[in-house]
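Numbering (the UniProt record's numbering), first residue to last: 1 to 132.
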(Lines of atoms letter the chains of each structure in order from A and count residues from 1; the text may use other names and numbers.)
(Lines give C-alpha, C1' and ligand atoms only; values in the text may rest on other atoms or scores of the structure.)
Protein backbone atom coordinates (compact mmCIF):
# COMPACT_ATOMS: atom_id res chain seq x y z
CA UNK A 1 0.00 0.00 0.00
CA UNK A 2 2.82 2.39 0.85
CA UNK A 3 4.56 1.75 -2.49
CA UNK A 4 1.41 2.60 -4.39
CA UNK A 5 0.93 5.81 -2.43
CA UNK A 6 4.53 6.91 -2.84
CA UNK A 7 4.46 6.29 -6.59
CA UNK A 8 1.48 8.64 -7.10
CA UNK A 9 2.28 11.21 -4.42
CA UNK A 10 3.35 14.66 -5.58
CA UNK A 11 4.96 16.92 -3.04
CA UNK A 12 3.73 20.45 -3.72
CA UNK A 13 4.13 23.55 -1.64
CA UNK A 14 2.99 27.05 -2.58
CA UNK A 15 4.50 30.33 -1.43
CA UNK A 16 2.63 33.53 -0.63
CA UNK A 17 2.06 35.38 -3.91
CA UNK A 18 1.97 32.27 -6.13
CA UNK A 19 -0.96 31.85 -8.51
CA UNK A 20 -3.02 28.66 -8.38
CA UNK A 21 -6.17 27.18 -9.91
CA UNK A 22 -8.98 25.90 -7.68
CA UNK A 23 -10.86 22.68 -8.48
CA UNK A 24 -14.65 23.04 -8.54
CA UNK A 25 -16.58 21.25 -5.82
CA UNK A 26 -20.02 21.43 -7.39
CA UNK A 27 -21.29 21.21 -10.93
CA UNK A 28 -23.42 24.38 -10.76
CA UNK A 29 -22.47 27.19 -13.09
CA UNK A 30 -21.09 24.74 -15.62
CA UNK A 31 -21.70 24.64 -19.32
CA UNK A 32 -24.66 22.55 -20.55
CA UNK A 33 -22.20 19.94 -21.73
CA UNK A 34 -20.28 18.94 -18.63
CA UNK A 35 -17.49 17.39 -20.67
CA UNK A 36 -16.66 20.77 -22.22
CA UNK A 37 -16.72 22.68 -18.94
CA UNK A 38 -13.60 23.53 -16.98
CA UNK A 39 -12.85 21.66 -13.78
CA UNK A 40 -10.60 24.40 -12.41
CA UNK A 41 -11.39 28.08 -11.87
CA UNK A 42 -9.03 30.92 -11.25
CA UNK A 43 -6.33 32.08 -11.14
CA UNK A 44 -6.26 32.71 -7.40
CA UNK A 45 -3.36 34.27 -5.50
CA UNK A 46 -2.06 32.58 -2.34
CA UNK A 47 -2.25 35.09 0.52
CA UNK A 48 -1.60 32.87 3.56
CA UNK A 49 -0.58 29.33 4.45
CA UNK A 50 -2.76 27.74 7.12
CA UNK A 51 -1.23 24.63 8.67
CA UNK A 52 0.52 22.04 6.53
CA UNK A 53 -2.06 21.42 3.83
CA UNK A 54 -4.45 24.40 3.76
CA UNK A 55 -4.07 27.73 2.01
CA UNK A 56 -6.00 30.99 2.07
CA UNK A 57 -6.40 32.19 -1.52
CA UNK A 58 -8.08 35.22 -3.07
CA UNK A 59 -9.32 36.26 -6.48
CA UNK A 60 -10.16 39.70 -7.83
CA UNK A 61 -13.28 39.65 -10.05
CA UNK A 62 -13.89 41.79 -13.14
CA UNK A 63 -16.14 44.09 -11.09
CA UNK A 64 -13.42 44.54 -8.46
CA UNK A 65 -14.83 42.23 -5.77
CA UNK A 66 -12.42 40.08 -3.79
CA UNK A 67 -13.28 36.45 -3.19
CA UNK A 68 -11.34 34.68 -0.44
CA UNK A 69 -11.43 30.92 -0.03
CA UNK A 70 -9.68 28.46 2.25
CA UNK A 71 -8.73 25.41 0.22
CA UNK A 72 -6.99 22.11 0.84
CA UNK A 73 -3.81 21.52 -1.16
CA UNK A 74 -5.53 18.60 -2.89
CA UNK A 75 -7.91 21.02 -4.65
CA UNK A 76 -5.14 23.33 -5.91
CA UNK A 77 -3.05 23.19 -9.05
CA UNK A 78 -0.25 25.58 -10.06
CA UNK A 79 -1.33 28.24 -12.55
CA UNK A 80 0.74 28.48 -15.73
CA UNK A 81 -0.05 31.47 -17.92
CA UNK A 82 -0.67 30.89 -21.61
CA UNK A 83 1.74 33.56 -22.79
CA UNK A 84 3.11 31.88 -25.91
CA UNK A 85 5.33 34.75 -27.01
CA UNK A 86 7.98 33.81 -24.46
CA UNK A 87 8.11 30.21 -25.64
CA UNK A 88 8.24 31.14 -29.33
CA UNK A 89 11.14 33.53 -28.92
CA UNK A 90 11.43 37.13 -29.91
CA UNK A 91 12.56 38.93 -33.01
CA UNK A 92 16.15 38.74 -31.80
CA UNK A 93 16.12 34.97 -32.44
CA UNK A 94 15.39 35.44 -36.16
CA UNK A 95 18.33 35.78 -38.56
CA UNK A 96 17.42 38.13 -41.42
CA UNK A 97 18.09 36.91 -44.97
CA UNK A 98 19.43 39.44 -47.44
CA UNK A 99 18.15 39.34 -50.99
CA UNK A 100 21.69 38.71 -52.32
CA UNK A 101 21.87 35.50 -50.28
CA UNK A 102 18.49 34.25 -51.37
CA UNK A 103 18.62 32.09 -54.49
CA UNK A 104 15.33 30.96 -55.93
CA UNK A 105 15.50 27.85 -58.09
CA UNK A 106 14.19 28.45 -61.59
CA UNK A 107 12.60 25.30 -62.94
CA UNK A 108 11.82 24.90 -66.60
CA UNK A 109 8.21 24.29 -67.44
CA UNK A 110 7.44 20.64 -67.77
CA UNK A 111 6.53 19.67 -71.33
CA UNK A 112 3.47 17.84 -70.02
CA UNK A 113 2.22 21.03 -68.32
CA UNK A 114 2.58 22.93 -71.60
CA UNK A 115 0.68 20.21 -73.43
CA UNK A 116 -2.17 20.32 -70.91
CA UNK A 117 -2.48 24.10 -71.14
CA UNK A 118 -2.71 23.88 -74.95
CA UNK A 119 -5.45 21.23 -74.76
CA UNK A 120 -8.03 23.78 -73.65
CA UNK A 121 -10.05 24.77 -76.68
CA UNK A 122 -11.56 28.23 -76.33
CA UNK A 123 -13.23 28.26 -79.76
CA UNK A 124 -16.32 26.47 -78.45
CA UNK A 125 -17.04 29.20 -75.94
CA UNK A 126 -19.70 31.54 -77.27
CA UNK A 127 -19.47 35.31 -77.35
CA UNK A 128 -19.84 37.07 -74.01
CA UNK A 129 -23.27 38.48 -73.37
CA UNK A 130 -23.23 42.17 -72.76
CA UNK A 131 -25.41 43.46 -69.97
CA UNK A 132 -27.42 46.56 -70.76
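Note that beta-carbon positions come from the ideal geometry of N, C-alpha and C, so glycine has one too.
As the crow flies, the alpha-carbon of residue 71 is around 13 Å from that of residue 19. With respect to the 7 Å criterion, residue 23 and residue 40 are classified as neighbours on the basis of their beta carbons. No Cβ-Cβ contact shorter than 7 Å links residue 46 with residue 73.
About 7 Å separates the Cβ atoms of residue 76 and residue 14, confirming a contact at the 8 Å cut-off. Per DSSP, residue 58 is not a residue of any alpha helix (DSSP H); the beta strand (DSSP E) it occupies stretches across 54–60.
With distances taken between CA atoms, residue 57 lies nearest to 69 out of 25, 69, 79, 11. In the DSSP assignment, residue 5 falls within the alpha helix (DSSP H) that extends over 2–8. Close CB contacts of residue 48 within its chain, under the 8 Å cut and outside five residues either way in sequence, are with 16, 55, 56 (chain order). For residue 19, the enclosing beta strand (DSSP E) stretches over residues 19–23. Under the DSSP definition of a beta bridge, residue 66 partners with 60.
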